[in-house]
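Visitor: Just so you know, we're using this note's numbering here: the sequence shown kicks off at 334 and counts up by one.
Ideal Cβ positions, reconstructed from N, Cα and C, are used throughout, including at glycine.
Just so it is clear, the structure is predicted and the values come from calculations on it, not from any experiment.
Here you go, one structure.
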Amino acid sequence: LLIHDATIWTVAKDGILEHADLLAVDGKIVAVGRDLRAALPSGTIPADAMVVEAAGMHLTPGLIDCHSHTGIDGGVNEWTLNSSAQVRIRDAIDPDDVGWYRELAGGLTAANLLHGSANPIGGQNAVVKIRWGRPAREFPIADAPAGIKFALGENVVRRKGRYPGSRLGVEAF
Numbered sequence: 334l335l336i337h338d339a340t341i342w343t344v345a346k347d348g349i350l351e352h353a354d355l356l357a358v359d360g361k362i363v364a365v366g367r368d369l370r371a372a373l374p375s376g377t378i379p380a381d382a383m384v385v386e387a388a389g390m391h392l393t394p395g396l397i398d399c400h401s402h403t404g405i406d407g408g409v410n411e412w413t414l415n416s417s418a419q420v421r422i423r424d425a426i427d428p429d430d431v432g433w434y435r436e437l438a439g440g441l442t443a444a445n446l447l448h449g450s451a452n453p454i455g456g457q458n459a460v461v462k463i464r465w466g467r468p469a470r471e472f473p474i475a476d477a478p479a480g481i482k483f484a485l486g487e488n489v490v491r492r493k494g495r496y497p498g499s500r501l502g503v504e505a506f
């Protein structure tokens with residue numbers, strides 16, 4: 334894929350490049366700069382590369398949603414316990430949720446999927462690369478740091494009849 338003549342926001346020391354190109358081969362960015370067709374050695378750009386003429390358009394790195402509940406099949410809360418640290422969001426990823434498609438269209442490329450805030454200690458998170466049309470097993474990023482959802486404040490005490498029932502109880506727990 335060659336994106337030609339775009340305004341590229343590198344989010345790096347190069348800053349914003351006007352009238353620049355981006356070359357991606359096999360899904361990896363291999364070059365960014367001005368007039369890559371002339372600047373790169375012959376054969377670097379595959380003959381069958383799709384070329385996007387992007388004059389007047391802006392290209393930015395993908396966005397990451399650090400707190401998402403998208404594509405979690407069956408809900409995001411385990412209401413029955415005050416600690417459900419044993420549940421894993423990765424076991425409930427729905428790859429067919431249309432929300433993934435919408436997020437990709439809006440520039441999101443990755444997300445941190447979190448358990449809800451119904452209990453003080455929720456479930457284990459899943460950091461995912463959004464892959465529309467791919468199976469759920471391909472979403473989790475293997476080397477992403479593990480995490481767990483902790484919730485404090487009002488969401489935790491909305492459910493009555495279970496400890497903790499107050500913010501004091503949340504703090505004590």
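How about Pro453 and Ala484: do their beta carbons lie closer than 8 Å?
Guide: yes
Visitor: Are the beta-carbon atoms of Val365 and Ala353 separated by less than 8 Å?
Guide: yes
Visitor: For the beta strand (DSSP E) holding Gly502, just list the boundary residues, first then last.
Guide: Judged by DSSP secondary structure, Gly502 falls outside any beta strand (DSSP E) and instead within the alpha helix (DSSP H) spanning Arg500 to Ala505.
Visitor: Could you tell me which whole beta strand (DSSP E) segments of length 3 or greater appear in the region 427-477?
Guide: 441-446, 454-457 and 459-462, all fully within the region 427-477.
Visitor: Comparing C-alpha positions only, which one of Ile422, His400, Glu436 and Cys399 sits nearest to Val409?
Guide: Ile422
Visitor: Inspect the CB distances between the region 356-363 and the region 396-412 and report whether three or more fall short of 8 Å.
Guide: No: the two stretches stay apart, fewer than three of their Cβ pairs being nearer than 8 Å.
Visitor: Cutting at 8 Å between CB atoms, please list the residues of its own chain near Pro478, excluding the five before and the five after it.
Guide: Val460
Visitor: Buried or exposed, going by whether 16 or more other CB atoms sit within 10 Å of the CB of Ser509?
Guide: Look at the range of the chain in this structure, 334 to 506, and you will see that residue 509 is not part of it.
Visitor: Can you tell me the Cβ-Cβ gap for Pro394 and Val344, rounded? I've got them flagged as a contact below 8 Å.
Guide: Between the beta-carbon of Pro394 and that of Val344 there is about 5 Å, and that keeps the pair under the 8 Å contact cut.
Visitor: For Phe472, I'd like the list of residues in its chain whose CB is within less than 7 Å of its CB, leaving aside the five on either flank, ordered along the chain.
Guide: Ile426, Pro428, Val461, Lys462 and Arg464
Visitor: For Trp433, count the other beta carbons within 10 Å of its own beta carbon; 16 or more makes it buried, fewer makes it exposed. Which is it?
Guide: buried
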